[in-house]
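Enquirer: Encoded as structure tokens, here's the structure I'll be asking about.
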Amino acid sequence: MFPNQNQMEKNQRDRNMVTIPTEIFRLYFEESNDAILLIDGSNWKLLAANKFAQKLFGLSEEDVSKTTFPQFKRIIKLARRDNTESVFTELTLDTKDFGEVRVDIYAKLIEWDGKQIIVATCRNVADHYFMSEKLVQTDKLVLLGQISASLVHEIRNPLAAINLNLQLMNRSVGDNKELQSYISSALQGVERISKLIDVTLGFSRQSTPQIEEINLNSIVINTVDLMNHLMKKKEISITFDLKKDIPPISADPKHIQQILINLISNSIDAIEGNGKIILKTFLEESAEFKEKFVCISVEDNGVGIPEEDLDKIFNPFFTKKPNGTGLGMAITQKLLYKYNGTIIVSSKPRQGTKIIIKFPFVQD
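If you're matching positions, the sequence shown starts at 0 in numbering that gives the first Met the number 0 and goes up one per residue.
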């Protein structure tokens, strides 16, 4: 006897109900933005690793079946100690290409085919610390803005009085060159403090961005036109490498121009004698995260940044320039946060500096 039509359709539906979830789980495993490992709990052999895990630990497809992670013994010990099937901990795993990699691990123990399997989701501790540092830096910028706004008003009025009195003194000293020199030096100091106040006020002011679709190539060219006299003064050559048909970004053009002014000014200051600045726009794609970024890079052959200073350059008021305010890079970072932008700085002393800023590209 053959099964009737209804029974055959029911059997097919049952098979589909099994197949669809299996396919979904497989896709989740392969495409997850977390590293996922399956470990044999009896011998610590790696049974499977998704694409993200292979990248994190430097594994090829062939490496997976040959790799063991004995450090996962700790997972079993913690599970037994706490009488649980779920464990959250931190492990340092040995890798073939990258040495030791520290990871946060959420592990689940399951029984499958008579074996104890560890299903582990791993996240790079370095990435976690980076995000923590980024949050701390953001809090610092917010706090500085709040303090600066009140502090600046307390300084501005007395400074105006000092400036006025110095100018009156300058008129009353006649031809006394020595006194004129002292007063001139004091006036220059007042002017520098006044400039710092203006920059600090701009840093602390909460303005509403005027968002519009902007073309980065146009902003780059307009900014260079504004600063061309400074580059000519130091005989600096400028090279453009601008991508045609670069997608627009949504931002306040004044903010993007301010970012570029800060970066180009730093390059100009870093160049001693004849030098060059290369400005580039390009589109970057991340296959790993399936994202696109619209990017600008500013590269120079200046004095470079010492390695020990690279992690300080975004700290407000950190500067090695005699007349610098130390706020340029902090302001740049603050403006980038408004647009979910990121900044990458690479530099070598006596060779130069390259800075890339990246804006997420959202397609309609």
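Idealized CB from N, CA, C, for every residue including glycine.
Because the structure is a prediction, the values reported are computed rather than measured.
#1: Give the single residue among 283, 27, 300 and 301 whose Cα lies nearest to the Cα of residue 294.
#2: Below 8 Å CB to CB, which residues in the same chain sit around residue 300 once its five sequence neighbours on both sides are set aside?
#3: Among the residues of its own chain, which have a CB less than 7 Å from the CB of residue 17, if the five just before and after it don't count?
#4: Below 8 Å CB to CB, which residues in the same chain sit around residue 261 once its five sequence neighbours on both sides are set aside?
#5: Around the C-beta of residue 250, are 16 or more other C-beta atoms found within 10 angstroms, so that it is buried, or is it exposed?
#6: Nearest CA to the CA of residue 53: which residue from 30, 193 and 292?
#7: Could you have a look at residue 318 and say whether DSSP puts it in helix, strand or coil?
#8: Grouping DSSP H, G and I as helix and E and B as strand, with all else coil, what is residue 345?
#9: Identify the continuous alpha helix (DSSP H) that holds residue 266 and give its terminal residues.
#10: Considering residue 224, what are the terminal residues of the alpha helix (DSSP H) in which it resides?
#11: Work out the CA separation of residue 106 and residue 302 for me, nearest whole Å.
#12: Taking the C-alpha atoms as reference points, what is the distance between residue 191 and residue 36?
#13: What span of residues does the beta strand (DSSP E) with residue 239 cover, start to end?
#14: Does the Cβ-Cβ distance between residue 278 and residue 344 come in under 8 Å?
#15: Can you tell which of 40, 92 and 100 has the C-alpha that lies nearest to the C-alpha of residue 78?
#16: Contact check, residue 254 vs residue 167 under 8 Å by CB: the rounded distance?
#17: In the structure shown, what three-state DSSP assignment does residue 364 receive?
#18: Among 347, 32, 189 and 117, which residue has its Cα nearest to the Cα of residue 74?
#19: Using only CA atoms, which one of 305, 83 and 72 lies nearest to residue 364?
#20: Just how far apart, CA to CA, sit residue 313 and residue 342?
#21: Alpha helix (DSSP H) containing residue 66: first to last residue?
#22: In whole angstroms, give me the CA-to-CA distance for residue 22 and residue 49.
#23: Report yes if the C-beta distance between residue 280 and residue 339 is below 8 Å; otherwise report no.
#24: Which residues mark the beginning and the end of the beta strand (DSSP E) in which residue 303 is found?
#25: Considering only residues of the same chain and omitting the five flanking positions on each side of residue 236, which have a CB-CB separation below 7 Å?
#26: Would you mind giving the Cβ-Cβ distance between residue 91 and residue 33, rounded to the nearest angstrom? I have them listed as a contact below 8 Å.
#27: Residue range of the beta strand (DSSP E) that residue 83 falls in?
#28: Residue 51 lies in the alpha helix (DSSP H); which residues open and close that run?
#29: Given this structure, state the Cα-to-Cα distance separating residue 266 from residue 298, to the nearest angstrom.
#30: Going by CA-CA distance only, name the one from 346, 247 and 290 that's closest to residue 306.
#31: Taking Cβ positions, are residue 123 and residue 100 nearer each other than 8 Å?
#32: With DSSP collapsed to three states, give me the class of residue 105.
#33: Helix, strand or coil, according to DSSP, for residue 310 in the structure here?
#34: Enumerate in chain order the residues of its own chain whose CB-to-CB distance from residue 188 is below 7 Å, with the five nearest sequence positions on each side excluded.
Expert: If we stick to the structure as given:
#1: Taking the first residue of the sequence shown as position 1, residue 294 is located at position 295. Closest by alpha carbon: 283.
#2: Taking the first residue of the sequence shown as position 1, residue 300 is located at position 301. Taken in chain order, the residues that qualify are 270, 274, 275, 350 and 351.
#3: As a working note, residue 17 is residue 18 in the sequence shown. With a pLDDT of 45 at residue 17, under the threshold of 50, the modelled position of this residue cannot be trusted; read the value that follows with caution. There are no such residues.
#4: For this step, residue 261 is matched to residue 262 along the sequence shown. The residues are 327, 328, 330 and 331.
#5: Position 251 of the sequence shown holds residue 250. By the neighbour-count rule (16 or more Cβ atoms within 10 Å), residue 250 is buried.
#6: By 1-based counting over the sequence shown, the position of residue 53 is 54. Of the candidates 30, 193 and 292, the one whose C-alpha sits nearest the C-alpha of residue 53 is 30.
#7: Position 319 of the sequence shown, counting from 1, holds the residue named residue 318. Correct three-state label for residue 318: coil.
#8: On the sequence shown, residue 345 is found 346 positions in, with the first residue counted as 1. Strand.
#9: Here residue 266 refers to the residue found at position 267 of the sequence shown. First-last of the alpha helix (DSSP H) with residue 266: 252 to 269.
#10: For the purposes of this step, residue 224 is taken as the residue at position 225 of the sequence shown. Run containing residue 224: 215 to 232, per the alpha helix (DSSP H) assignment.
#11: Here residue 302 corresponds to residue number 303 of the sequence shown, with the count starting at 1. Here residue 106 corresponds to residue number 107 of the sequence shown, with the count starting at 1. Each residue's Cα considered, the two are about 48 Å apart.
#12: Indexing the sequence shown from 1 puts residue 191 at position 192. Indexing the sequence shown from 1 puts residue 36 at position 37. Approximately 58 Å between the Cα atoms of the pair.
#13: Numbered from 1 along the sequence shown, position 240 holds the residue referred to as residue 239. 235 to 241 is the extent of the beta strand (DSSP E) around residue 239.
#14: Here residue 278 refers to the residue found at position 279 when the sequence shown is read from its first residue. Here residue 344 refers to the residue found at position 345 when the sequence shown is read from its first residue. No, Cβ-Cβ distance for residue 278 and residue 344 is not below 8 Å.
#15: Numbered from 1 along the sequence shown, position 79 holds the residue referred to as residue 78. The residue with the shortest Cα to Cα distance from residue 78 is 40.
#16: Counting from 1 along the sequence shown, the entry for residue 254 is found at position 255. Counting from 1 along the sequence shown, the entry for residue 167 is found at position 168. No, residue 254 and residue 167 are not in contact; Cβ-Cβ is about 40 Å, not under 8 Å.
#17: Given that the chain is displayed from residue 0 to residue 363, the structure contains no residue 364 and the question cannot be resolved.
#18: Taking the first residue of the sequence shown as position 1, residue 74 is located at position 75. Per the Cα distances, 117.
#19: In the structure as shown, the chain begins at 0 and stops at 363. Residue 364 is therefore absent and cannot be evaluated.
#20: Locating residue 313 in the sequence shown gives position 314, counting from the first residue. Locating residue 342 in the sequence shown gives position 343, counting from the first residue. Whole-angstrom Cα-Cα distance: 10 Å.
#21: To locate residue 66, count along the sequence shown from 1; it is residue 67. Per DSSP, residue 66 belongs to no alpha helix (DSSP H) and is neither H nor E.
#22: Locating residue 22 in the sequence shown gives position 23, counting from the first residue. Locating residue 49 in the sequence shown gives position 50, counting from the first residue. Cα to Cα, residue 22 sits roughly 15 Å from residue 49.
#23: Walking along the sequence shown from the start, residue 280 turns up at place 281. Walking along the sequence shown from the start, residue 339 turns up at place 340. Not in contact: residue 280 and residue 339 (Cβ atoms no closer than 8 Å).
#24: The residue given as residue 303 occupies position 304 in the sequence shown. Unbroken run through residue 303: none, as it is neither H nor E.
#25: Here residue 236 refers to the residue found at position 237 of the sequence shown. Contacts found: 275.
#26: Position 92 of the sequence shown, counting from 1, holds the residue named residue 91. Position 34 of the sequence shown, counting from 1, holds the residue named residue 33. That belief does not hold up - the Cβ atoms of residue 91 and residue 33 are roughly 18 Å apart, past 8 Å.
#27: The residue labelled residue 83 in the question sits at position 84 within the sequence shown. No beta strand (DSSP E) contains residue 83, which DSSP labels as neither H nor E.
#28: By 1-based counting over the sequence shown, the position of residue 51 is 52. Counting along the chain, the alpha helix (DSSP H) containing residue 51 begins and ends at 50 to 56.
#29: Here residue 266 is taken as the residue at index 267 of the sequence shown, counted from 1. Here residue 298 is taken as the residue at index 299 of the sequence shown, counted from 1. Taking the straight line joining both Cα atoms gives about 8 Å.
#30: Indexing the sequence shown from 1 puts residue 306 at position 307. The option with the nearest alpha carbon to residue 306 is 346.
#31: The sequence position of residue 123 within the sequence shown is 124, counting from 1. The sequence position of residue 100 within the sequence shown is 101, counting from 1. The answer is yes: Cβ separation under 8 Å.
#32: Taking the first residue of the sequence shown as position 1, residue 105 is located at position 106. Residue 105: strand per DSSP, three-state reduction.
#33: Taking the sequence shown and counting its residues from 1, the one referred to as residue 310 is at position 311. In this structure, residue 310 counts as coil in the three-state DSSP scheme.
#34: As a working note, residue 188 is residue 189 in the sequence shown. Contacts found: none.
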